[in-house]
Each structure stands twice: as C-alpha cells, then as structure tokens.
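Just so you know, the sequences run in chain order A and B.
Using the working numbering, you'd call the opening residue of the first sequence number 3 and step up by one each time.
Using the working numbering, you'd call the opening residue of the second sequence number 24 and step up by one each time.
Glycine residues also receive a C-beta, built at the ideal position from the N, C-alpha and C atoms.
These numbers were taken from a predicted model, which means no experiment stands behind them.
Contents: one structure, followed by commentary.
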Amino acid sequence: GAVVSQHPSRVICKSGTSVKIECRSLDFQATTMFWYRQFPKQSLMLMATSNEGSKATYEQGVEKDKFLINHASLTLSTLTVTSAHPEDSSFYICSARDTGGYNSPLHFGNGTRLTVT
Amino acid sequence: DAKTTQPTSMDCAEGRAANLPCNHSTISGNEYVYWYRQIHSQGPQYIIHGLKNNETNEMASLIITEDRKSSTLILPHATLRDTAVYYCIVARSGSQGNLIFGKGTKLSVKP
C-alpha cells in the first residue's frame, strides 16, 4: 500500500530557532500534500495544503510566514517552523494521496513531535 | 463535507467483534464514508472506505445502511493492538481535498 514517510519523528529545539520537517511519498506521486497539527487530547486540524510547483494555501489563522511550506517535487513536501516558540510545540502530521490512483484514499505519515523549549 | 457523529468511547473484549457506529445523516450522493484510526502518538492509519455497498478488507468490514445515513465499522476479532481512536469521515473521493477529522471514538480493547 501507499507509504508516506515523515522525518524526523521527534525534535526538540530552542525557542527562536527554526525546524524543518520532511514528508515523502515513497511509492507514489502526489501533486498535493496536506499538513495537519494535533495538540494533546485534540483532533487533527488542517494547517495548509501543499501544492507541487506552486504556493501552499493556508487555513485561517495559520501564519504563512511562520510555517513555510515547500513542495518542490511530486514526492517531497517540507514544513519549516520558523522562529519556533513553546506554543508551537505540537504533533505535526503530513498526508498525501496517490495522484495517479483512482479513488485512492489519503495516507498519513507517522507524525513529528515538536517540543520547543 | 457532511458532518459525522460518533460515540466518545467504547470498550470491547479481546477476541470479540468491535462494532463502531457512525451517523452521517447529511451525507451527499457523491460522498464516501472513510474510516481511519490513530494509535497513540502515531499518524492516522487508513482502514477502509465505501460509497453505498458494504466493503471488506483484511482489516475490517464496513456496513453502510441503505439510506446511507449511518454506517458501522466492524473489527471481527479485536486485539489489544486495536486500541485506538477511530475516525469516521465523510468526503468526496477522487478529488484533491483534505479530510476533516472530528473527535472520533476511543476504542479500548480489554483482555
């Protein structure tokens, strides 16, 4: 089945630094990838939609200058949390759908636990 | 996308079938029912999806009522590893759209 790989699985950084999270589709191509965020005891919330070769679209309330998204190829999207602060500590999850697969479901990475100290 | 309603939590004995209900009374004709689960500290895992016919795969069965206003996910022989939050989501298929997650059902499988 389709596999979405996310790296790193967990990262601890100091306040004010930037962190990059990678999301790869291993055995399929994805023109669109989605980035979600999940705070403790809450459900997943969509942050942004990553589009290959064009600008990402962000959900209301998500700062595009803080959460930089780059989707440079059909198998890789990156999320960079710039000038991270403790309130950015969360579980970040990417997802992708096989663009070439008819009726294919959305598959998710295993998430990145970000802790900002 | 249509909204879904699921019980907050359920318990199931190990080895027994787990039946997880979901109401989606406002589902549209072109919307599918998707089921995902999330084991603690992991990303959501796709389980199954269907439009109007019942579906079965190696993980579970999906039973959709004839009026499509509700569905049931069946795990035939629950194991302790099936303990997770199960999400029922209604969305159009074949599009580039994302999925909107509700609160899901916390299934606890007990020995």
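Notebook entry, point to check: Alpha carbon to alpha carbon, how far is LEU48(A) from SER106(A)?
Noted result: 19 Å
Item checked: Option nearest SER97(A) by Cα separation, candidates SER79(A), SER20(A) and HIS87(A) -> SER79(A)
Notebook entry, point to check: What span of residues does the beta strand (DSSP E) with ARG39(A) cover, start to end?
Noted result: 34-40
Item checked: Minimum Cβ-Cβ distance from PRO30(B) to chain A less than 8 Å -> no
Next item on the list: Please state if the CB of LEU116(A) and the CB of SER85(A) are separated by a distance shorter than 8 Å.
Entry: no
Next item on the list: Could you tell me which chain B residues have their CB closer than 8 Å to the CB of ILE2(A), listed as they occur along the chain?
Entry: The structure shown does not extend to residue 2(A), since chain A is modelled only from 3 to 119, so the question has no answer here.
Item checked: Short Cβ contact (8 Å threshold) for ALA40(B) with ILE97(B) -> yes
Check: To which residues does DSSP link HIS9(A) through a beta bridge?
Finding: GLU24(A)
Checklist line | Nonlocal neighbours in the same chain, by C-beta distance under 6 Å from GLN40(A), ignoring five residues either side | finding: LEU46 and PHE93
Check: Within the 8 Å Cβ cut-off, does HIS63(B) reach chain A?
Finding: no
Note to self: Residues of the stretch 118-132 of chain B in Cβ contact with chain A at a cutoff of 8 Å, in chain order, please.
What the structure shows: GLN119, ASN121, LEU122, ILE123, PHE124, GLY125, LYS126 and GLY127
Item checked: Limits of the unbroken beta strand (DSSP E) element including SER52(A) -> 47-53
Item checked: Alpha-carbon to alpha-carbon, ARG12(A) and GLY66(B) -> 13 Å
Check: With distances taken between CB atoms, is the gap from ALA108(B) to GLN61(B) smaller than 8 Å?
Finding: A small fix is needed here, since residue 108(B) is Val in this sequence, not Ala. Contact flag set, yes.
Checklist line | Helix, strand or coil at PRO44(B) [DSSP, three-state] | finding: strand
Notebook entry, point to check: Mind checking if HIS72(B) is an interface residue toward chain A, Cβ cutoff 8 Å exclusive?
Noted result: yes
Checklist line | CB-CB length for GLY111(A) against VAL6(A), believed under 8 Å | finding: 4 Å
Next item on the list: Report yes if the C-beta distance between THR128(B) and PRO30(B) is below 8 Å; otherwise report no.
Entry: yes
Check: In terms of alpha-carbon separation, which member of THR27(B), GLU89(B) and HIS63(B) lies closest to THR106(B)?
Finding: HIS63(B)
Check: With distances taken from CA atoms, which of GLN68(B), LEU74(B) and GLY38(B) is nearest GLU141(B)?
Finding: In the structure as shown, chain B begins at 24 and stops at 134. Residue 141(B) is therefore absent and cannot be evaluated.
Next item on the list: Following the continuous beta strand (DSSP E) through LEU108(A), name the residue where it begins and the one where it ends.
Entry: 108-110
Item checked: SER84(B): contacting residues in chain A (beta-carbon distance under 7 Å) -> Going along chain A, no residue has its Cβ under 7 Å from SER84(B), so there is no contact; the nearest lies around 16 Å.
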